[in-house]
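Structure, as structure tokens:
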Amino acid sequence: MAKPKTKAAMWSQYLAIRAAETALCIWPHSSNMRFGAGLGRLVCQIDKKHRNRIIHNLRFSFPGQSESYYQDIAQRTFEHLLKLFVEILHSPRLLHHDSWGDLAQIKAPSIAPAVELLNSGKPVIMLTGHFGNWEVMGTLMGLMGYDMDAIARPLDNPLVDDWMRGVREKRGLRVITKWDATDRMIEVLDNGGALGFIADQNAGDRGIFVPFFGKLASTYKSIGLLAIQKNVPIVCGYAKRVNDAMGYEIGATDIIYPEDWKKHDDQLYYVTARYMRAIEMMVRLAPEQYFWMHRRWKSRPRHERLGKPFPSGLRRSLQDLPWMTDELFENVMQPMPDAVG
């Protein structure tokens with residue numbers, strides 16, 4: 003969402019969103035979802051900048067596919083994001099204590115260990131990526147009776163931010179502002195709570211560079227450092243849309259336990275690389291449900307920016323990853339293709 007430059011623009015933006023929320027209540031949710039998909043197809047044709055960025059990212063993430071495949075996933079990504087907007091506006095009315103059981107399809111084999119952790123009363127870190135409906139994850143946790151604190155960056159428009167916080171907290175999710183959140187995060191874990199993150203943002207030049215779809219991607223160190231410092235397991239979960247009636251598959255692609263990272267010399271690199279691998283596994287379940295237009299690979303490691311040889315320390319950390327293959331390693335070693343947009 004673009005940052006409003008004036009107070010009038012701020013109010014216009016806020017009122018437009020609230021008007022859309024009200025309008026959606028007039029029609030059935032299925033009709034609203036069809037409208038969202040149609041609007042997504044229209045935006046895909048108009049917004050060439052983001053469409054080209056999506057296709058660029060898809061080409062190196064899924065090499066060897068046909069051009070029609072990339073075009074199709076790009077269009078379906080726009081459809082998904084507009085349907086996601088509809089779901090966010092509609093969720094206060096549709097998601098409640100009496101309805102969540104009909105809307106959430108629990109993928110039992112993958113989520114059962116996570117439920118055990120949540121029921122244990124011990125601290126746990128829950129993370130996901132910009133995949134499926136990342137907003138509904140925290141809501142469903144609250145409706146299922148699990149308290150969770152989630153880290154969120156404040157929106158640029160304070161009116162929209164206050165409204166969005168209310169939507170999130172109405173069903174039991176507590177929001178921690180991303181800035182200056184360290185003390186609160188530690189407090190949550192010290193009290194045996196669950197702490198939620200969206201973990202696939204670009205972390206800039208000072209992030210830790212781990213593989214994501216075969217290319218190094220800058221990733222924040224904070225989640226791994228927190229898990230290692232507090233000896234807390236990490237659950238990598240998702241909410242994947244399965245139909246247009248606001249239904250989701252709730253599952254987990256990985257759970258990282260303290261004993262897993264203690265086997266490795268570079269524990270922080272291992273933890274960070276492993277949860278990014280788990281997010282990649284989520285995306286591969288339904289590529290069209292990922293936020294491909296964000297600039298996930300924008301920041302590049304220093305050696306790549308300066309045209310220097312691949313660092314020996316980074317090479318060792320990569321080779322230490324149990325899932326690293328020769329093919330993946332050679333791919334990761336290659337510089338990132340020139341960005342689009």
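Whatever position you read off the sequence shown (first residue = 1), add 2 for this note's numbering. We put the CB at the ideal spot given by N, CA and C, even for glycine.
Asked, Found
"Can you give, in chain order, each stretch of the alpha helix (DSSP H) that sits fully within the segment 49 to 81 and has at least 4 residues?", "50 to 63"
"Taking the alpha carbon of Ile252 as the reference point, which residue from Glu306, Trp299 and Val237 has its own alpha carbon closest?", "Val237"
"Taking C-alpha atoms, which residue in Gly38, Thr130 and Met187 lies nearest to Tyr240?", "Thr130"
"Buried or exposed: Leu83, going by 16 or more other Cβ atoms within 10 Å of its Cβ?", "buried"
"Does Ser93 pass the burial test, meaning 16 or more other C-beta atoms within 10 Å, or should it be called exposed?", "buried"
"Considering only the beta carbon of each residue, do Trp263 and Ile230 sit closer than 9 Å?", "yes"
"Could you tell me the boundaries of the beta strand (DSSP E) in which Lys242 lies?", "Ile236 to Asn245"
"May I have the straight-line CA-CA distance separating Ala288 from Ala205, to the nearest angstrom?", "25 Å"
"Per DSSP, which residues does Ile153 bridge with? Please list them.", "Ile178"
"Work out the CA separation of Ile258 and Phe62 for me, nearest whole Å.", "27 Å"
"Of all the alpha helix (DSSP H) runs that stay within the bounds of the segment 201 to 287, which reach a length of 4 or more residues?", "224 to 232, 260 to 263 and 269 to 287"
"Going by alpha carbons, who is nearest to Val177 out of Ala154, Gly249, Gly195 and His132?", "Ala154"
"If Pro156 and Thr179 are in contact, beta carbons under 8 Å, what's the gap, nearest whole angstrom?", "6 Å"
"Identify, in the order they occur along the chain, each residue of the same chain with its Cβ nearer than 6 Å to the Cβ of Met143, setting aside the five sequence neighbours on each side.", "Met150"
"By Cβ distance below 6 Å, which residues in the same chain neighbour Ser301 in space, the five residues on each side in sequence not counted?", "Asn204, Gly206, Asp207 and Ser220"
"Is it the case that the Cβ atoms of Val212 and Ala254 are separated by a distance below 9 Å?", "no"
"Give me the residue from His132, Glu189, Gly198 and Arg170 with the minimum Cα distance to Met283.", "His132"
"Could you check the C-alpha separation between His58 and Gly40 for me, to the nearest Å?", "23 Å"
"Leaving aside the five residues before and after Phe80 along the sequence, list all residues of the same chain whose C-beta is less than 6 Å from its C-beta, in chain order.", "Gly42, Val45 and Cys46"
"On a Cα-Cα basis, can you pick out the residue from Phe37, Leu119, Glu189 and Pro125 that is closest to Asn233?", "Pro125"
"Taking the alpha carbon of Ser14 as the point to measure from, which residue in Lys265, Ala116 and Pro160 has its own alpha carbon closest?", "Pro160"
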